[in-house]
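So the sequences go chain by chain: A and B. According to full-length UniProt numbering, the stretch in the first sequence is residues 1 to 320, in order. According to full-length UniProt numbering, the stretch in the second sequence is residues 1 to 427, in order. Even glycine gets a Cβ: it sits at the ideal position worked out from N, Cα and C. Computed from a prediction, not measured in an experiment: that's the story for all the values here.
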Amino acid sequence: MSFRARHLLGIDHLKPAEIVTLLDLAEEYVALNRRTVKHSDVLAGLTQINMFFENSTRTQSSFELAGKRLGADVMNMSMQTSSVKKGETLIDTALTLNAMQPDLLVVRHPNSGAVNLLAEKVNCAVINAGDGRHEHPTQALLDALTIRRAKGRLQRLTIAICGDIAHSRVARSNLILLGKMENRIRLIGPSTLMPAGVKDMGVELYEDMREGLTGADVVMMLRLQRERMDGGFIPSEREYFHRWGLDAEKLALAAPDAIVMHPGPMNRGVEIDGTIADDINRSVIQDQVEMGVAVRMAALDLLARNLRAERGAKASGVMV
Amino acid sequence: MTTLLFQNARLIDPEAQTDSTGSLLVRDGLIEGISGAQEAAPEGATIVDCDGKALAPGLIDWGVKIGEPGERHKESFRSAGRAAAAGGVTTVIARPDTLPPIDTPEALEFVTRRAADAPVNIRHMAALTKGREGREMVEIGFMTDAGAIAFTDGVRVVTDSKILGRCMTYARGLDALIVGHPQDASLSKGAAATSGKFASLYGIPAVSPMAEVMGLDRDLALVDMTRCRWHADQLTVAAALPAFQRARDKGLDVTAGISIHHLTLNEFDVGDYRTFFRFTPPLRSEDDRMAMVQAVADGVIDVIASFHTPQDEESKRLPFEAAAPGAVGLQTLLPAALRLYHQGGLTLPQLWRAMSLNPAKRLGLPSGRLARGAPADLVLFNPDAPFVLDRFKLLSKSKNTPFDGARMEGRVLGTWVAGNRVFGEQP
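What follows is the structure in structure tokens.
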């Protein structure tokens, strides 16, 4: 099998072949999920803990459903109400959990690198469900699967990523993944929302959205992360919508068969016009949600296989 | 008292900028003579055969954090003193950013008394404002009388320019030295890395190098206005150098230092969120690092120090942006500095100019040089001895070093303070 990772901490450490393996397996789970009886037992007997240090409804329920459909015992821990409030450190929390012998740990944390830190301290497989402004690998993978299904390929596409790039882990993981698969990436947004040094990342930068969208095959809108902005990145939401919000007029400049994506939750009328989001001919936003469950099933499945192989090797090693 | 004769030594003289073989005679704790020849031992003298190894003035480490009062579990005067002796540091200039800060003559008296635990010289800086809060100046006069060697609020910048200006004006009347931390506090708030491709990819809150330039510009303008004696604790970016050089050319009494970490590491060393590499200011680009090495060689940057900052394991076992900044450095200052020597960027006399002579001159200390009549504060070391650093073997109570597991060269063989051996085997 060409998927060798022990954890899924980011797209950065995946090889293109591993990405393809995961997407291929996810396709099988898309089929499973469309059946009336959506059940498999590949994770039967395994324990999956979802640990969310940051609020999330969509991602958490997607992971929960993915685990349950594969037969794992799934537990959700909302860390905002837990002992973290009582001063327990991240590592102590990890060690406590580790002692409960979970097999799969899904973690979201507001600090970049926190999931990497946690992964060093536990014996199970860890999936990063978003850390600070660093990575959100399953989002990039579900976006990739959505694109591959809609466009028939994941190479040589012109992909425009628009909006709050600086605060977005989705943008980071996506530009790494889409770059690895040899696509042309354009970043569009106000300079205040562009991360420093992005010029050196092999992407094209556009302040003017019309220019950036021209001829694009995929238009990926990002949420304006209002809760992360500690002040003054844009003058007002209405000016933002005027200059960087996706409306029919701007979308008309993209390729005629361009698809529109959004990781959700959407701010209608801020970064995207409601009618475009709902246009079933252009918007694949609902497909993204569907692919999310399938991709997470594939990720859990592959990591569980590697975990079993590792433990099996260890056990036989002891006997010899 | 005793007489000591160091024979067959490779003498590193930062004043004459020479690196030559010779012998050195110590009597009653002072250097009595230096000779290029093999001197005969006076009667009763103890002979130290240096076997061609390097003998240099002991290091003066300006800006060391010791956990007394308040955080003795991180570092005590005793543990810091032992680490200093083992690292060839004969004079420690302690920081006032303790809990509570050294902002009264009484607090200064306490640390002065506690410092007697250490086998090396310890001098104390005092806070510039009460509680390091940037609102009211401390009793600069009383504290100077009580032995404060300089005044600083450390990395907590006095943001109110009117208050800083008044502190400087008052300090000038007493000829007191103020140590500033050039940084625009609002721009660098919350930052844990230097902005650029690395920080963006890893999603670490970052600050532009310009925050240092802006802080420096403001401070230099205030120095120009008040004409006080001023020292920048750390200049770490090339963009800060022209303004600093202009201020000097104009005749302002200003000097600058840099940490050894900013001279030997760059932003990419953080790697996979390694918190031992978190510093204030954050590590810089490789271009900046190289420019700063050159600035030390050119004498634009005066002082290299370790900025020894002990942190317990708990404050480092956190996500990168939440982890406490700083690293221990008393024992790694010398071998880390020798990296610059082995790479060919700096000679040993140049390094010792920045690590002993210049801080001594700036702080009015008689040590830091190989001169007749100077205190016999000396370090004997083998600059070529290789080793792999094991952080748990460090003598500091805290083990937070970015050089853990690193290959280094340079081993201290002996350290003398006023002619008394404080580290190494008795001959």
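- residue 438 (chain B) (DSSP reduced to helix, strand or coil): Since the first residue of chain B shown is 1 and the last is 427, residue 438 (chain B) is not available in this structure.
- Query: How is the beta strand (DSSP E) around HIS109 (chain A) delimited, first residue to last?
  - Reply: Segment 104-109, the beta strand (DSSP E) holding HIS109 (chain A).
- Could you tell me if PHE244 (chain B) is buried or exposed, where buried requires 16 or more neighbouring beta carbons within 10 angstroms of its beta carbon? PHE244 (chain B) should be labelled buried.
- Query: So, does the CB of TYR202 (chain B) fall closer than 8 angstroms to a CB anywhere in chain A?
  - Reply: At least one CB atom of chain A sits nearer than 8 angstroms to the CB of TYR202 (chain B).
- What's the call for VAL161 (chain B), buried or exposed, on a 16-neighbour Cβ count within 10 Å? According to the sequence displayed, residue 161 (chain B) carries Ser and not Val. A residue is called buried once 16 or more other Cβ atoms fall within 10 Å of its Cβ, and SER161 (chain B), having fewer, is exposed.
- PRO57 (chain B) - DSSP class collapsed to helix/strand/coil: If DSSP states are grouped into helix, strand and coil, PRO57 (chain B) belongs with the strands.
- Query: Which partner residues does ARG381 (chain B) have in the DSSP bridge list?
  - Reply: It is worth fixing the name first, because residue 381 (chain B) is Phe in this sequence and not Arg. The partner list for PHE381 (chain B) (beta bridge, DSSP) reads B:ALA54 and B:VAL412.
- Item | Assigned exposure category for HIS167 (chain A) - 16 Cβ within 10 Å defines buried | Under this definition HIS167 (chain A) is a buried residue.
- Query: Quick one, which residues of the segment 310-337 of chain B are near chain A if we go by CB-CB under 8 angstroms, in chain order?
  - Reply: From the segment 310-337 of chain B, only GLU314, ARG317, LEU318, PRO319, PHE320, GLU321 and ALA322 have a Cβ closer than 8 angstroms to chain A.
- Which residues mark the beginning and the end of the beta strand (DSSP E) in which HIS167 (chain A) is found? Run containing HIS167 (chain A): none; DSSP gives neither H nor E here.
- Using a cut-off of 7 angstroms between C-beta atoms, extract the partners of ASP272 (chain B) located in chain A. Correct list: ASN116.
- Note down, in chain order, each residue of its chain lying with its Cβ closer than 6 angstroms to the Cβ of ALA5 (chain A), except the 5 sequence neighbours on either side. No residues qualify anywhere along the chain.
- Does the beta-carbon distance from ASP131 (chain A) to GLY152 (chain A) come in below 8 angstroms? The beta carbons of ASP131 (chain A) and GLY152 (chain A) sit no closer together than 8 angstroms.
- Item | Helix, strand or coil at GLU135 (chain A) according to DSSP, with G and I counted as helix | Three-state result, GLU135 (chain A): strand.
- Where LYS65 (chain B) falls, given that 16 or more other Cβ within 10 Å makes a residue buried: Counting of Cβ neighbours within 10 angstroms places LYS65 (chain B) among the buried residues, the total reaching 16 or more.
- Query: Is it the case that the Cβ atoms of ALA148 (chain B) and HIS124 (chain B) are separated by a distance below 8 angstroms?
  - Reply: Yes, the pair counts as a contact, with Cβ atoms nearer than the cut-off.
- Could you say which of A:LEU90, A:ASP143, A:ALA125 and A:GLY10 lies nearest to ARG311 (chain A) if we only look at CA atoms? Ranking A:LEU90, A:ASP143, A:ALA125 and A:GLY10 by CA distance to the CA of ARG311 (chain A) puts A:ALA125 first.
- For a contact meaning CB atoms closer than 7 angstroms, what does ASN98 (chain A) contact in chain B? Ordered by position in chain B, no residue passes the 7 angstroms Cβ test against ASN98 (chain A), which lies about 15 angstroms from the chain.
- Task: Note down the Cα distance separating GLU136 (chain B) from GLY232 (chain A), rounded to an integer number of angstroms.
- Result: Here the C-alpha atom of GLU136 (chain B) lies approximately 32 angstroms from the C-alpha atom of GLY232 (chain A).
- Mind pulling the chain E residues with CB within less than 9 angstroms of SER195 (chain B)? Chain labels in this structure do not include chain E; the protein chains are A and B.
- Item | Cβ-Cβ distance between PRO263 (chain A) and GLN155 (chain A) below 8 angstroms | With contacts defined by Cβ atoms closer than 8 angstroms, PRO263 (chain A) and GLN155 (chain A) do not form a contacting pair.
- Simplified DSSP assignment, three categories, for PRO16 (chain A): Reduced to three states, the DSSP call for PRO16 (chain A) is helix.
- Query: Quick one: which chain A residues come within Cβ less than 7 angstroms of ALA206 (chain B)?
  - Reply: Residues of chain A whose Cβ lies closer than 7 angstroms to the Cβ of ALA206 (chain B) are, in chain order, ALA196.
- Item | Extent of the continuous beta strand (DSSP E) run through LEU117 (chain A) | No beta strand (DSSP E) contains LEU117 (chain A), which is instead part of the alpha helix (DSSP H) from 114-119.
- Query: To the nearest whole angstrom, what separates the beta carbons of ALA255 (chain A) and ASP208 (chain A), a pair I think is in contact under 8 angstroms?
  - Reply: At roughly 18 angstroms, the Cβ-Cβ gap does not stay under 8 angstroms, so ALA255 (chain A) and ASP208 (chain A) are not in contact.
- Compare the C-beta of ALA199 (chain B) against all C-beta atoms of chain A and say whether one is closer than 8 angstroms. With 8 angstroms as the cut-off, ALA199 (chain B) counts as an interface residue toward chain A.
- Task: Please list the segments of the beta strand (DSSP E) lying wholly inside the segment 327-414 of chain B, counting only runs of 3 or more residues, in order along the chain.
- Result: Correct list: 378-388.
- Query: ILE91 (chain A) CB to nearest chain B CB: under 8 angstroms?
  - Reply: Under the 8 angstroms criterion on CB atoms, ILE91 (chain A) is classed as interfacial with respect to chain B.
- Does DSSP put ASN266 (chain B) in a helix, a strand or coil? Note: ASN266 (chain B) maps to coil in three-state DSSP.
- Cβ separation of ALA295 (chain B) and LEU241 (chain B), assumed to be a contact under 8 angstroms, to the nearest whole Å: About 6 angstroms separates the two Cβ atoms, so the contact holds.
- For ILE234 (chain A), the three-state DSSP class (helix, strand or coil): The DSSP-derived three-state label of ILE234 (chain A) is coil.
- Message: As a quick exercise: from B:SER195, B:ILE163, B:VAL155 and B:ILE140, pick the residue whose alpha carbon is nearest that of LEU177 (chain B).
- Response: Ranking B:SER195, B:ILE163, B:VAL155 and B:ILE140 by Cα distance to LEU177 (chain B) puts B:ILE140 first.
- Buried or exposed for LEU99 (chain B), please, with buried defined as at least 16 other CB atoms from any protein chain shown within 10 angstroms of its CB. Around the CB of LEU99 (chain B), fewer than 16 other CB atoms lie within 10 Å, so the residue is classed as exposed.
- Near VAL320 (chain A), which residues of its chain fall below 7 angstroms by C-beta distance, leaving aside the five closest residues on each side in sequence? With a pLDDT of only 39 at VAL320 (chain A), under 50, the local geometry of the prediction cannot be trusted, and no value is derived from it.
- Message: Is the separation between the beta-carbon of ASP272 (chain B) and that of THR90 (chain B) shorter than 8 angstroms?
- Response: Not in contact: ASP272 (chain B) and THR90 (chain B) (Cβ atoms no closer than 8 angstroms).
- Query: Does the beta carbon of VAL320 (chain A) sit closer than 8 angstroms to a beta carbon anywhere in chain B?
  - Reply: Because the pLDDT of VAL320 (chain A) is 39, which lies under 50, any placement of that residue in the model is unreliable, and the number read from its coordinates should be weighed accordingly. Closer than 8 angstroms: no.
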